[in-house]
Amino acid sequence: MITNKCKTMMTVLGASFALLYGASAISAPILFFPQTSFEDDDLDYVIDNDNDGKISVGDDLVAYFKINSTFDPNINNFTPIPGGELTGIAEITVTGFAGGVFTFGAMAGGMLAGNEVIKLWFDNGANTFGLNCANQAACAGAATGGAHYLTASLEAGDSWTAIAFPGGDDIATVAGGGSTTTYAVVNFDTTITANPFNLPLLSNSFIGSGNILGGAGLTNGATARSDFDFTINVPEPGMLALFAAGLLGFGFANNKKRQA
């Protein structure tokens, strides 16, 4: 009985998306009510601006990533990204380090602007991004291809922090560490400031967490790997269905006016 209800809910959700977004809903990442999480693989580069071998205030951290699937965090029903790849970049600067905790702000002089810290692109073409990209420039090019999907920024009240484990502030230690060794745990709370795909959102909050893992074996200059989950809040299917019905009613009324 519960399974049938879930199937009905997802059918309504899918129908609502199709009505709202037309054919693009077929190829775009699938969203779940009440929350959708995005699971990814990352390559992380540390730009050691003061050349001290440590991750310290003023250093920049840049991540290139591919989101492999979306899922409902309440039931972990991982659904692969259909029709293409969803990729992105994150750019942040270390603004503080005390008591083993890093704080970060938006990075200046990178690919993002102002307070932007995360940007996603959706590509219906060939999958081009992988953790084996040749170098940072190649990773950046592969991660930023396609249609602009979403941008998140650090606005007033937002935060991006990391709790460093032993050795987590030493660049060489992290770069030489194993791919399953955790060197820091990251949490961020950002604000969606651009939504060109018109994703249905209950709020503009874009939150996430993940682990910074060792970079041993990487041959493209990356310092570390990381594994993150991002989460957005999605309206319930009934709200989407009502909205879709409202759009249809509006179109029908306009047709009647034109026929009069």
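Residues -27 to -1, 1 to 233, numbered by mature numbering (1 follows the signal peptide of the UniProt record, and there is no 0), are exactly what the sequence shown covers, in order.
From the three backbone atoms N, C-alpha and C, an ideal C-beta is built for every residue, glycine too.
Under 8 angstroms between C-beta atoms of residue i and residue j
i    : j    : result
V207 : P173 : yes
E64  : V35  : yes
T153 : L127 : no
I40  : I62  : no
K52  : T43  : This sequence places Thr at residue 52; Lys is not what is there. Yes. Within cutoff.
D14  : L104 : yes
T192 : A116 : no
G130 : G187 : no
G183 : I136 : no
G57  : D21  : no
Proximal residues to residue i (C-beta, below 6 angstroms), its chain only, five neighbours per side dropped
i           : result
S(-4)       : Because S(-4) carries a pLDDT of 40, less than 50, the predicted location of this residue cannot be relied on, and no value is offered for it.
T124        : E89, K92, T166, A167
D45         : F5
G26         : I144
residue 235 : What is shown of the chain runs -27 to 233, which leaves residue 235 out entirely.
N171        : none
A233        : Residue placement at A233 is poorly supported in this model, since its pLDDT is 46, which falls under 50; the coordinates still yield a value, given next. Here the set comprises nothing.
S176        : N206
E209        : F6
I48         : none
S161        : Contrary to the premise, residue 161 reads as Phe rather than Ser in this sequence. Correct list, in chain order: W133, G181.
CA nearest to the CA of residue i, picked from the options
i    : options                : result
G190 : T164, E209, G149, D131 : G149
G119 : A107, G141, G98        : G98
N50  : F75, T60, A71, Q8      : Q8
F75  : F203, S176, D142       : D142
C106 : I205, D17, E209        : D17
S132 : W94, F138, F179, P139  : F179
H121 : G140, A110, P169, S176 : P169
I185 : G69, L175, P139        : P139
T134 : G69, A110, Q109        : G69
Cut-off 7 angstroms between Cβ atoms - residues of its own chain near residue i, not counting five sequence neighbours on either side
i      : result
V19    : I28, D32, L34, I144, T196
T101   : A115, G118
C112   : L16, Y37, C106, N193
T(-20) : In this prediction, T(-20) has a pLDDT of 38, which is less than 50 and means its spatial position is unreliable; what the coordinates show is noted afterwards. Once the five neighbours on either side are set aside, T(-20) has no close Cβ partner at all.
A110   : none
8 angstroms CB neighbourhood of residue i in its chain, flanking five on each side removed
i    : result
D23  : S29, G31, D32
W94  : L59, T60, G61, A116, T117, G118, G119, A120, H121, Y122
N108 : N193, G194
G87  : A79, S126
Residue i - containing alpha helix (DSSP H), residue span
i    : result
I144 : 144 to 149
G114 : 109 to 116
The beta strand (DSSP E) enclosing residue i, as first and last residue numbers
i           : result
residue 260 : There is no way to answer for residue 260, as the model of the chain reaches only from -27 to 233.
D17         : 8 to 20
G78         : 74 to 79
A71         : 58 to 71
Interface flag, residue i vs chain D, CB-CB below 8 angstroms
i    : result
A116 : Annotation note: the requested chain D is absent from the structure, which comprises a single protein chain.
Stretch-stretch touch, CB-based, cutoff 8 angstroms, three pairs: the segment 74 to 83 with the segment 4 to 13: no
Three or more C-beta pairs under 8 angstroms: does that hold for the segment 194 to 209 against the segment 153 to 166? yes
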